[in-house]
Ligand SMILES: NC(=O)c1ccc[n+]([C@@H]2O[C@H](COP(=O)([O-])OP(=O)(O)OC[C@H]3O[C@@H](n4cnc5c(N)ncnc54)[C@H](O)[C@@H]3O)[C@@H](O)[C@H]2O)c1
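Residue numbers (my numbering): 134 to 382.
Written out as structure tokens, the structure reads:
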């Protein structure tokens, strides 16, 4: 039997690479997309049944070209690529604001639309999973378009679940909390930030890249066959803790 195909964007390292490894363990053939050509090639070499592609997901023509090269229609798409630019609202330049939205929101739309059309045409029971963030639920200071785009990605997830459900395509989001890896690596290299952030999480630990990969694989599995349009928050209950962080007396 031919293997199922998983397409993971932003997979040269961090959470995306962990998702690619988990999908490979689950028996998928995996296609890793990233703007960093060398890094994604290196990551794919260490994963069984993996292929690497250099692709900027905000470029619709580039995405179409890659989808025509990967050999088959993805059964699973994980929109994981993301960037953040830290500036206060009064300081951020329009081009930076636009670039963040272009990758984090429009990029996920471009890849989803292209893949979903192929799923429809091949009558595939497909799965799309969008990696959002708790920053889209409770914005962190200085995250400008990241917070707005991640919130938008959850709304896009809900809408795609409605429109693609009749085609048999499930669409869900995963919102990671404080993750010890990927783009947060520099934050947790600072022992003070590491300790205070760990203490803020009700489970009293940072999340791992594998915690997110496991949540993605659950949503992609038949165990989640009736779950669509959902945002699975994977944060050790951090987003529920705001009131408990304010002293009573
Ligand atoms: N690490 C965290 O603490 C955390 C928390 C919440 C959400 N997230 C989300 O998880 C996802 C993965 O982040 P990560 O922490 O692994 O960070 P990361 O920086 O390691 O991974 C992001 C990847 O996306 C790639 N990328 C950037 N722009 C691209 C483009 N235009 N086209 C294709 N690829 C592109 C990067 O090269 C990089 O490999 C992101 O969407 C991020 O917002 C991360």
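Every residue, glycine too, gets a C-beta built ideally from N, C-alpha and C.
| task | Would you kindly work out how many angstroms separate the C-alpha atoms of residue 364 and residue 202, rounded to a whole number? | result | Mapped onto the chain shown, residue 364 falls at position 231. Mapped onto the chain shown, residue 202 falls at position 69. Computed Cα separation, rounded: 31 Å.
| What is the rounded straight-line gap between the Cα of residue 157 and the Cα of residue 215? | Sequence index remark: in the chain shown, residue 157 carries index 24 (1-based). Sequence index remark: in the chain shown, residue 215 carries index 82 (1-based). If you take the alpha carbons of residue 157 and residue 215, they lie about 22 Å apart.
| task | Using beta-carbon positions only, say whether residue 233 and residue 211 come within less than 8 Å of one another. | result | Counting from 1 along the chain shown, the entry for residue 233 is found at position 100. Counting from 1 along the chain shown, the entry for residue 211 is found at position 78. Taking 8 Å as the Cβ cut-off, residue 233 and residue 211 do not qualify as a contacting pair.
| task | Confirm the yes/no value for this check: CB of residue 316, any heavy atom of ligand 1, distance under 7 Å. | result | To locate residue 316, count along the chain shown from 1; it is residue 183. Relative to ligand 1, the beta carbon of residue 316 is positioned inside 7 Å of a heavy atom.
| message | Report the start-end ranges of each alpha helix (DSSP H) in the stretch 152-180 that is 4 residues or longer and not cut off at the edges. | response | You should have 170-178.
| task | Since I believe residue 336 is in contact with residue 394 (beta carbons under 8 Å), could you give me their beta-carbon distance rounded to a whole number of angstroms? | result | Missing from the structure shown is residue 394; the chain here goes from 134 to 382 and no further.
| said: With the cut-off set at 8 Å, would you say residue 167 and residue 145 are in Cβ contact? | reply: The count along the chain shown starts at 1 and reaches residue 167 at position 34. The count along the chain shown starts at 1 and reaches residue 145 at position 12. Yes; because the gap between Cβ atoms is below 8 Å, this pair is in contact.
| Can you pull the DSSP bridge partners for residue 201? | As a working mapping, residue 201 is identified with position 68 in the chain shown. Paired residues: none, contrary to the question.
| request: Determine the closest residue to residue 193 out of 170, 153, 244 and 173, with distance taken between C-alpha atoms. | output: Here residue 193 refers to the residue found at position 60 when the chain shown is read from its first residue. Nearest of 170, 153, 244 and 173 to residue 193, Cα basis: 244.
| Helix, strand or coil for residue 186 per DSSP? | Locating residue 186 in the chain shown gives position 53, where the first residue counts as 1. Strand at residue 186.
| query | alpha helix (DSSP H) containing residue 253: first to last residue? | reply | The residue you call residue 253 lines up with position 120 of the chain shown. Judged by DSSP secondary structure, residue 253 falls within the alpha helix (DSSP H) whose first and last residues are 241-254.
| request: Confirm, please, whether the CB-CB distance from residue 362 to residue 296 is below 8 Å. | output: Position 163 of the chain shown, counted from the first residue, corresponds to residue 296. Position 229 of the chain shown, counted from the first residue, corresponds to residue 362. Not in contact: residue 296 and residue 362 (Cβ atoms no closer than 8 Å).
| Reduced DSSP category for residue 277 - H, G, I as helix; E, B as strand; rest coil | Here residue 277 is taken as the residue at index 144 of the chain shown, counted from 1. In this structure, residue 277 counts as helix in the three-state DSSP scheme.
| field | Segment contact, 8 Å Cβ cut-off, at least three pairs: the stretch 321-337 with the stretch 275-292 | value | The answer is no - the stretch 275-292 does not touch the stretch 321-337, with fewer than three Cβ pairs under 8 Å.
| said: Using only the alpha-carbon positions, how far apart do residue 197 and residue 246 sit? | reply: Residue numbering aside, residue 197 sits at position 64 when the chain shown is read from its first letter. Residue numbering aside, residue 246 sits at position 113 when the chain shown is read from its first letter. Spanning the two alpha carbons is a distance of roughly 10 Å.
| Three-way DSSP call (helix, strand, coil) for residue 339 in this model | Walking along the chain shown from the start, residue 339 turns up at place 206. Three-state result, residue 339: coil.
| request: Give me the Cα-Cα distance between residue 305 and residue 177, rounded to the nearest whole angstrom. | output: Position 172 of the chain shown, counted from the first residue, corresponds to residue 305. Position 44 of the chain shown, counted from the first residue, corresponds to residue 177. So the alpha carbons of these two residues sit roughly 25 Å apart.
| Under a three-way DSSP split, which group does residue 381 fall into? | Reading the chain shown from its first residue, position 248 is the one you call residue 381. Judged by DSSP in its simplified three-state form, residue 381 adopts coil rather than helix or strand.
| message | At the level of alpha carbons, what is the spacing between residue 301 and residue 358? | response | Along the chain shown, one-based indexing puts residue 301 at 168. Along the chain shown, one-based indexing puts residue 358 at 225. In this structure, the alpha-carbon of residue 301 lies about 10 Å from that of residue 358.
| message | For residue 287, count the other beta carbons within 10 Å of its own beta carbon; 16 or more makes it buried, fewer makes it exposed. Which is it? | response | Here residue 287 is taken as the residue at index 154 of the chain shown, counted from 1. With 16 or more other Cβ atoms from the protein chains shown falling within 10 Å of its own Cβ, residue 287 counts as buried.
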